[in-house]
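**Student:**
Number of protein chains: 2
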Amino acid sequence: MTDEARLAIHQVTFLRHWSFRESVEGLARHGVRKTAVWRPKLQEIGVAEGARVLRDHGMEVTGLSVGGLVTSPDARDWQSAVDDTRKVIEEAAMVGADHVVMLSGGLVDGSKDVQGARDRALEGIAQVLPDARQAGVKLGIEPLHPMLCEKRAVLCTMGQANDWCDFLGDDQTVGIVVDTYAVWWDPSLQAEIKRAGPRICALHVNDWLSDTRDLRLDRGMMGDGVIDIPSIRSAVEGAGYRGPCEVEIFSERDWWQRDPDEVIRIIKDRFRTWV
Amino acid sequence: MTDEARLAIHQVTFLRHWSFRESVEGLARHGVRKTAVWRPKLQEIGVAEGARVLRDHGMEVTGLSVGGLVTSPDARDWQSAVDDTRKVIEEAAMVGADHVVMLSGGLVDGSKDVQGARDRALEGIAQVLPDARQAGVKLGIEPLHPMLCEKRAVLCTMGQANDWCDFLGDDQTVGIVVDTYAVWWDPSLQAEIKRAGPRICALHVNDWLSDTRDLRLDRGMMGDGVIDIPSIRSAVEGAGYRGPCEVEIFSERDWWQRDPDEVIRIIKDRFRTWV
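Chains W and Y supply the protein sequences, listed in that same order. Per this note's numbering, the first sequence starts with residue 1, numbered consecutively. Per this note's numbering, the second sequence starts with residue 276, numbered consecutively.
(1) From Y/T346 to Y/A392, what does the alpha carbon distance come to, in whole angstroms?
(2) Does the structure place the region 102 to 110 of chain W close enough to the region 146 to 164 of chain W that three or more beta carbon pairs sit under 8 Å?
(3) Quick one: which chain Y residues come within Cβ less than 8 Å of W/H145?
(4) Could you check the C-alpha separation between W/A196 and Y/D489 for me, to the nearest Å?
(5) Of the residues that make up the region 529 to 547 of chain Y, which ones have a beta carbon closer than 8 Å to any beta carbon in chain W?
(6) Look up W/C165 in the DSSP assignment and say whether it is helix, strand or coil.
(7) DSSP on W/G159, reduced to helix/strand/coil?
(8) Compare the C-beta of Y/L382 against all C-beta atoms of chain W and say whether one is closer than 7 Å.
(9) How close, in whole Å, do the beta carbons of Y/G498 and Y/D486 come, if the pair is a contact with beta carbons under 8 Å?
(10) In this structure, does DSSP put W/D186 in helix, strand or coil?
(11) List the residues of chain Y that W/S210 touches, going by C-beta distances under 9 Å, in chain order.
(12) Tell me whether Y/E366 is buried or exposed, calling it buried when 16 or more other Cβ atoms sit within 10 Å of its Cβ.
(13) On the criterion of 16 or more Cβ atoms from any shown chain inside 10 Å, does W/A48 qualify as buried, or is it exposed?
(14) Classify W/G67 as helix, strand or coil using the three-state DSSP reduction.
(15) For Y/E527, I'd like the list of residues in its chain whose CB is within less than 6 Å of its CB, leaving aside the five on either flank, ordered along the chain.
(16) Quick one: is W/C245 near chain Y, going by C-beta distance under 7 Å?
(17) Quick check: the Cα distance between Y/T248 and W/V137, rounded to an integer number of angstroms?
(18) How would you write the range of the beta strand (DSSP E) that Y/A311 sits in, first residue to last?
(19) Starting from the beta carbon of W/P187, find every residue of chain Y whose beta carbon is closer than 8 Å, and list them in chain order.
(20) So if I threshold CB-CB distances at 7 Å, which residues from the region 218 to 231 of chain W count as touching chain Y?
(21) Distance, Cα to Cα, Y/Q435 vs W/P187?
(22) In terms of alpha-carbon separation, which member of Y/P519, Y/K316, Y/G371 and Y/G515 lies closest to Y/R330?
(23) Cα separation between Y/Q402 and Y/D394?
(24) Does the beta-carbon of W/R219 have 16 or more other beta-carbons within 10 angstroms, so that it is buried, or is it exposed?
(25) With a cut-off of 8 Å on the beta carbons, I'd call Y/I539 and Y/I284 a contact; round off their distance for me.
(26) What's the C-alpha gap between W/M158 and W/V177?
(27) Can you tell me the Cβ-Cβ gap for W/V174 and W/L129, rounded? I've got them flagged as a contact below 8 Å.
(28) Drop a sphere of 10 angstroms on the beta-carbon of Y/S340, count the other beta-carbons inside from all chains shown, and report buried for 16 or more, exposed for fewer.
(29) Who are the Cβ neighbours of Y/H374 in its own chain at under 8 Å, not counting the five residues just before and after it?
(30) Since Y/V429 and Y/V389 should fall inside the 8 Å C-beta cutoff, what is the C-beta to C-beta distance between them, to a whole number of angstroms?
(31) Do W/K41 and W/F20 come within 7 Å of each other at the CB atom, strictly closer than that value?
(32) With a 10 Å radius around its C-beta and 16 neighbouring C-beta atoms as the bar for buried, classify Y/P473 as buried or exposed.
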């Protein structure tokens, strides 16, 4: 496999301009045959039709984003998030995704109880684990950057992800999604990547901009920021990972505003130099 | 000592409205006799005069902010930051500060070499350690929130701060500044506070706002955000810390705009309920 064949692009990177179908067609037109699916776009087209479009274009599906968000202290809300994650697992199986990207969820309604949120998230993942095993879909738990602890993910570090995997005790079904943006700052990164080893089920690449203006939607294109992406990729591959390198850029001010065909051309160029 | 006597307020909290002298007079007027000094304000009034104003108002000085920022890959720039930190140590001794707040510094000029920056920061601190010992001033190394890794501090966690203290090997001179804003998200927090024990030389309190709009200058007043401050304070005190609780709020959009007398009244009120 050439290195370019390792390139995957998450369809959320074209959030503002392309529908589900347009993103699959667009990627195929540029010779990119790996993608990740953004659930709101899949719901727009419908799961059966979305699966057909992916199949018709010979598209390999990495992850389906997102499942989880199971931190609510309200028992009914928590259960409804668990049930919804079961649906995401089914959908992932229908589109042939390797894994569901599992976000723990953040703090809900101004709660100050991080530990409680962590306990509930872990319990929520444990609840859906048998469903994932049954469906043959991995649960890719993804630590996000600690600045999103309140908003999206009380799972904040690779070390914590490894601890959760230890606790869940099923490395065939539970994997870890490594996102350069989320982990680059972590002084324990190299050690925890080594510890994760075959647990790593995805590598997301994008960059940290010096003038970051938004906590969630201001990620940069590889090469435009300060992350030493090749060193993280090399550590992840040193730990045994051989899967796709997936570009995933949440960028309200820049990349979401651009013509997606241009974005793909730039990604392919940057991938050669900066990943 | 009543609990309110533990209250310290950093003069940077009044950055936009009060000079050095006004902040000392203002705090004294409200019966707050502990403060931290913001070096640019000290430089405005002059160190000798600043020391006199503090002494005249019976003010106990916790920290002088900031020394360090010793990450430059340019040897001359690095040396000049080390030399400047020596000056900060002298100034801290002159104003009777307990410690210099030491920020490691971030990445410089788009460098992607976090590990190199960390090595240089640690070497810079080692360089000034004898000066601090000689001057009888502690070096309070402060991990900042990981979202400031690029901009201000490649020292990102309590665990890393403990590792640095282990390496530096002089717990009499090198301490750790715990800031609730920087550490609240950390899954290893309780363990690393315990590990730090008597190394902890300061506790900064302020809050994480749900609608955080800026990485550096949008901190919240205690009670307005999601940090469980009492649990962090309790862990820090469980580890042996008996010093001041220092309110330090960088807030361009809100608290820096308000009348400082009002800010102090609110701080005293919130301190009783939320710290």
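Even glycine gets a Cβ: it sits at the ideal position worked out from N, Cα and C. As the structure is a prediction and not an experimental result, all values here were calculated from the model.
**Tutor:** With the structure as the only source:
(1) 5 Å
(2) Taking 8 Å as the limit for Cβ pairs, the verdict is that the region 102 to 110 of chain W does touch the region 146 to 164 of chain W.
(3) P421 and M422
(4) 33 Å
(5) none
(6) helix
(7) helix
(8) yes
(9) Contact between Y/G498 and Y/D486 fails: their C-beta atoms lie close to 15 Å from each other, not under 8 Å.
(10) coil
(11) L382, G385, E425 and K426
(12) buried
(13) exposed
(14) strand
(15) Around Y/E527, the same chain offers L492 as residues with beta carbons nearer than 6 Å, after the five sequence neighbours per side are excluded.
(16) no
(17) With chain Y covering only 276 through 550, there is no way to say anything about residue 248 of chain Y.
(18) K309 to W313
(19) Near W/P187 (Cβ distances below 8 Å), the residues of chain Y are R393, C431, T432, G434, Q435 and D438.
(20) V226, I227 and D228
(21) Approximately 7 Å, taken between the alpha carbons.
(22) Y/G371
(23) 12 Å
(24) buried
(25) 7 Å
(26) Taking the straight line joining both Cα atoms gives about 9 Å.
(27) The pair is a contact, with the Cβ atoms about 7 Å apart (cut-off 8 Å).
(28) buried
(29) T337, G338, L339, A367, V412, K413, L414, G415, G450, V452, C476 and A477
(30) 6 Å
(31) Going by C-beta atoms, W/F20 is nearer than 7 Å to W/K41.
(32) Burial state of Y/P473 is exposed, judged by a 10 Å Cβ sphere holding fewer than 16 other Cβ atoms.
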